[in-house]
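Chemist: Convert by adding 1073 to the 1-based position in the sequence shown; the result is the number in the working numbering.
Here a beta-carbon is modelled for each residue, glycine too, at the ideal position from N, C-alpha and C.
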Amino acid sequence: MDNSKIEKIAVDEVSSLFNKYSMNIDPNIEKGDRGISFDGSMVVFSEDSFTKKNYQNSIPVQVKGTTVKEFDTMYAKYNEFDYDTYKNFQLEDGVVVFLVQILKSNPRVTKIFYKFLSSDEIEKILIEIKGKGNKTKTL
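#1: Measuring only the C-alpha atoms, how far is S1178 from F1144?
#2: Please state whether the Cβ-Cβ distance between V1116 and N1101 is less than 8 Å.
#3: Whole angstroms is fine: what's the gap from E1165's alpha carbon to E1196's?
#4: Thinking V1169 and I1132 are a contact (beta carbons under 8 Å), I'd like their distance in whole angstroms, please.
#5: I'd like to check one pair, F1171 with L1212: are the Cβ atoms closer than 8 Å?
#6: If we require 4 or more residues per run, which alpha helix (DSSP H) segments fall completely within the region 1154-1180?
#7: May I ask you to report which of helix, strand or coil DSSP gives K1081?
#8: Assign I1200 to one of three DSSP states: helix, strand, or coil.
#9: With distances taken from CA atoms, which of S1119, Y1156, I1185, I1109 is nearest I1082?
#10: Excluding five sequence neighbours on each side, which residues of the same chain lie with their C-beta closer than 7 Å to the C-beta of K1188?
Have a look at this one:
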């Protein structure tokens, strides 16, 4: 499957999840986004009316998609984030990373994994990357 199609499916699945199950979060994620380190944000409101008055916070997000023969059960790994990307995550005081697995045999069937990386956790990752001389760190 084409990478752009995988990304579109992944973004649609994450956006759909929040549109269906959260009345106070507006998923603001762009398809085909080529931003520096983020694909968009989850905008949090105090009520289900998305107005300036009800705005609470904005959480940066990164969405990745991958095709699989079968889903991982509890944990999934993703390993394409480099030092500079983690540094940018830290500058935003954290990020939520979504990994959407898409079944090769049926692309309509997906599974979403997520991980919130706090600024403190990112600092540990940055130290580990530098200390080991690596360029990337698997999540």
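Modeler: The structure says:
#1: 11 Å
#2: yes
#3: Straight through space, the alpha carbons of E1196 and E1165 are spaced by roughly 12 Å.
#4: 6 Å
#5: no
#6: Runs found: 1156-1164.
#7: helix
#8: I1200 falls in the helix class under three-state DSSP.
#9: I1185
#10: Correct list, in chain order: V1170, L1212.
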